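The opening position of the sequence shown corresponds to residue 143 in the numbering used here, with each subsequent residue numbered one higher. Even glycine gets a Cβ: it sits at the ideal position worked out from N, Cα and C. Source: prediction; values computed, not measured. Let me begin by presenting the structure, written as C-alpha cells, before commenting on it.
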Amino acid sequence: MTEFFSAQLISQEVIKQDYRIATFLPLIKPEIPPIAGQFYMIQVSDMTDPLLKRPFSIFSYDNGIINFLYRIVGKGTRQLSTLTIGKEVEIIGPLGKPYPISEERFVAVAGGSGIASIFGLLSQNRKKGILFYGAKDMSELVLIDRLKEITSELIITTDNGSLGFMGNTLDAIREKKELVKGLSIYGCGPKPMLKAISEWSIENNQECYLSLEERMACGIGACLSCVVKTLGGLKSICKDGPVFNAKEIVWD
C-alpha cells in the first residue's frame, strides 16, 4: 500500500561536497513504514520545472521521520538542496519492492549514490552485513564512521588506492572470496558495477539482488519510462523493482 502525504523539511545536513541528508517530518504520521530498498517520490519544486516528482531511496526511518541521503547531480536534486527549513512538500510512498532479506549474515555492495539504498538495508539489519563500498577516489566516499557502526565488516575500495583496497568492489570480493562464500549479495550503484557483480554471483552460484537506478516519471509503473529488460520481458523498475534477482536481468 502506498500513501500520499505532506511533510515538512526539518533538516538539511551537509555531509561532504555535494552530498546531503534531507530530513522530513510528515504532517500526519504515515501508517506504512518503509522497508530497505523501497523509495519515495518527492515534489521538489512548486514550479513547473522540474514538473515531476523525483525518486529518492529510503536512507533511514525513525518513528515517522524520513531521511534521504542524496547527491546533487541534476536539476531535481539541486532544487531539493535549496529547500529551506520548514518548507512543506508532497510525497508519495513507500514505493517499489524491497530487498528480500532474511539471512543472519549477508554481503552488501555499494558504489556512488547507491550507498543511500544500501545504508538503509544495513541500518535495518545492524551488524549482519559485510559491506564492500567503492569509489574512484576517497573524496567520493561518505559516512564511513556511521557505516562502521552498522556493519559487521566494512571493506573500502578506491580505484586509485587513495583509501582501502586498490581496485573496484568486485576486485575486493574476488580477493575476499572465502569471506563471502555462500552468502547472499545485495547491491546498488552504477550499472557497470552491478553487471559485474551479477555475472560473478551467477558464476559462483550465490544469490544476488540488485537495486537498479533509473530516471522515473510516475513511480507506479504507468508511464513505462523506467523499464529494464529481463528474462520475463520488459519490467518497470519503479513497480516491479527497483530490486531484482540478478538472474532475471538481461544486461545490454
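| Item | Value |
| --- | --- |
| Could you tell me the distance, in whole angstroms, from the CA atom of L273 to the CA atom of I327? | 10 Å |
| Do you know offhand how far A149's Cα is from R268's? | 27 Å |
| In the DSSP output, what is T165 paired with across the bridge? | S153, N209 |
| Is it buried or exposed for V392, if we count other Cβ within 10 angstroms and need 16 for buried? | exposed |
| Could you give the residue range of the alpha helix (DSSP H) that holds R220? | 217-223 |
| Exposed or buried, L289, counting other C-beta atoms within 10 Å across all chains shown (16 or more means buried)? | buried |
| Could you please give the first and the last residue of the uninterrupted beta strand (DSSP E) stretch that includes G271? | 271-277 |
| Buried or exposed: where does V385 fall if 16 or more other Cβ atoms within 10 Å of its Cβ makes it buried? | buried |
| Can at least three beta-carbon pairs, one atom from the stretch 330-348 and one from the stretch 369-378, be found at a separation below 8 Å? | no |
| Output needed for I157: all residues of its chain with C-beta closer than 8 Å, excluding positions within five of it in sequence on either side, in chain order. | I163, L211, V284, L285 |
| In whole angstroms, what is the alpha-carbon distance linking E173 and I208? | 13 Å |
| Which word fits K171, buried or exposed, when buried means at least 16 other C-beta atoms lie within 10 angstroms of its C-beta? | exposed |
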